[in-house]
Amino acid sequence: DTAVSQTPKYLVTQMGNDKSIKCEQNLGHDTMYWYKQDSKKFLKIMFSYNNKELIINETVPNRFSPKSPDKAHLNLHINSLELGDSAVYFCASSQTSGPRLDTQYFGPGTRLTVL
Amino acid sequence: AQSVTQPDIHITVSEGASLELRCNYSYGATPYLFWYVQSPGQGLQLLLKYFSGDTLVQGIKGFEAEFKRSQSSFNLRKPSVHWSDAAEYFCASSPLSHFGNEKLTFGTGTRLTIIP
């Protein structure tokens, strides 16, 4: 079974559309994350949730709204998609977000292309 | 603000040769340090991490890294690479912050190519 799964794997859409990416982890972890990897492979954290509570929000436009219905799921909804949103989005999870920063396990990524 | 620098964008190594990937961090105190590997089309997998203690850290797949405070470095090494090691390698750091606010800062990655 896949530890951290994301759907869809590929997403191609037009500018201005609204889309969602789903993430699920079956590791029993408390904390989940969304990262964005741009075309130059640079990875940057976007959000982090601990037990469904937002703990990190890294100056991401309001068009991006994470939703955590339970601690095993962290979905990312994006409104009014722009060309610059094209990237690979990675979900990750860890046991805790405490001082020892337990290992983060990453999903396979969702490649979003905005036309 | 903390930052992580990987000076080498792309490295090519012959199969069986030794490997060293460089990573430098910029932070007032000693951060937590990590190396991740990303195979083509895949997510990131943790190779090893350093929190404290022994400065030579052993990881999976035969990798090791050495923390050198004087050089603010955390270089990744492998004595003999295999063709399957071809991938993108990311160094990352996290500060010693209060509970619930840690985050990983990644370097820009080093692409490793293995030639026969």
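Just so you know, the protein sequences line up as chains A and B, in that order.
When the first sequence is numbered by our numbering, its final residue is 118 and no position is left out of the sequence of numbers.
When the second sequence is numbered by our numbering, its final residue is 1048 and no position is left out of the sequence of numbers.
Note that beta-carbon positions come from the ideal geometry of N, C-alpha and C, so glycine has one too.
Just so you know, these numbers come straight off a predicted model, no measurement behind them.
From the DSSP output, in three-state form, read off residue i for me.
| i | result |
| --- | --- |
| residue 120(A) | Nothing in the structure corresponds to residue 120(A), since chain A is present only between 4 and 118. |
| residue 117(A) | strand |
| residue 993(B) | helix |
| residue 9(A) | strand |
| residue 977(B) | strand |
| residue 98(A) | coil |
| residue 1043(B) | strand |
| residue 938(B) | coil |
| residue 17(A) | coil |
| residue 41(A) | coil |
| residue 946(B) | strand |
| residue 1003(B) | helix |
| residue 79(A) | strand |
| residue 1032(B) | Confidence is the limiting factor: at residue 1032(B) the pLDDT is only 49, short of 50, which leaves the residue's position unreliable, though a coordinate-based value still follows. If DSSP states are grouped into helix, strand and coil, residue 1032(B) belongs with coil. |
| residue 86(A) | helix |
| residue 1017(B) | helix |
| residue 55(A) | coil |
| residue 107(A) | coil |
| residue 998(B) | strand |
Residue i touches chain A at which residues, Cβ-Cβ below 7 Å?
| i | result |
| --- | --- |
| residue 974(B) | 111 |
| residue 1022(B) | 46 |
| residue 1041(B) | 44 |
| residue 999(B) | None at all; the shortest Cβ gap to chain A is about 16 Å. |
Hey, residue i and residue j: beta-carbon distance below 8 Å or not?
| i | j | result |
| --- | --- | --- |
| residue 1013(B) | residue 936(B) | no |
| residue 987(B) | residue 996(B) | no |
| residue 71(A) | residue 49(A) | no |
| residue 948(B) | residue 44(A) | no |
| residue 1019(B) | residue 950(B) | no |
| residue 64(A) | residue 79(A) | no |
| residue 15(A) | residue 86(A) | no |
| residue 1024(B) | residue 968(B) | yes |
Cβ closer than 9 Å: which chain A residues qualify as neighbours of residue i?
| i | result |
| --- | --- |
| residue 978(B) | 106, 107, 108 and 109 |
Taking C-alpha atoms, which residue in the options lies nearest to residue i?
| i | options | result |
| --- | --- | --- |
| residue 33(A) | 42(A), 19(A) and 77(A) | 77(A) |
| residue 83(A) | 21(A), 26(A), 97(A) and 69(A) | 21(A) |
| residue 973(B) | 91(A), 31(A), 97(A) and 17(A) | 91(A) |
| residue 28(A) | 17(A), 93(A), 44(A) and 89(A) | 93(A) |
| residue 953(B) | 1007(B), 963(B) and 1035(B) | 1007(B) |
| residue 958(B) | 969(B), 1027(B), 1016(B) and 978(B) | 1027(B) |
| residue 1002(B) | 956(B), 938(B) and 939(B) | 956(B) |
| residue 934(B) | 968(B), 1037(B) and 1044(B) | 1037(B) |
| residue 46(A) | 1005(B), 1021(B), 1010(B) and 940(B) | 1021(B) |
| residue 977(B) | 74(A), 106(A), 115(A) and 30(A) | 106(A) |
| residue 57(A) | 1045(B), 1035(B) and 1044(B) | 1035(B) |
| residue 1047(B) | 983(B), 1024(B), 1016(B) and 1023(B) | 1016(B) |
Which bits of chain B does residue i rub up against, with CB to CB less than 8 Å?
| i | result |
| --- | --- |
| residue 93(A) | 975 and 976 |
| residue 51(A) | 1035 |
Taking C-beta pairs closer than 9 Å, name the residues in chain B that residue i reaches, listed in chain order.
| i | result |
| --- | --- |
| residue 24(A) | Going along chain B, no residue has its Cβ under 9 Å from residue 24(A), so there is no contact; the nearest lies around 14 Å. |
| residue 81(A) | Within 9 Å Cβ-Cβ: nothing; residue 81(A) doesn't reach chain B, min ~20 Å. |
Since residue i meets chain A, which of its residues come closer than 8 Å, beta carbon to beta carbon?
| i | result |
| --- | --- |
| residue 1006(B) | In chain order: nothing, as chain A lies at least about 15 Å away. |
| residue 981(B) | 106 |
Given the structure, does residue i come close to the ligand ATP, in the sense that its CB is under 7 Å from one of the ligand's heavy atoms?
| i | result |
| --- | --- |
| residue 1009(B) | For the ligand ATP, the structure offers nothing, since it holds no ligand at all. |
Three CB pairs or more closer than 8 Å across the segment 941-956 of chain B and the segment 975-994 of chain B: no
Any 3 or more C-beta pairs closer than 8 Å across the segment 8-17 of chain A and the segment 105-118 of chain A: yes
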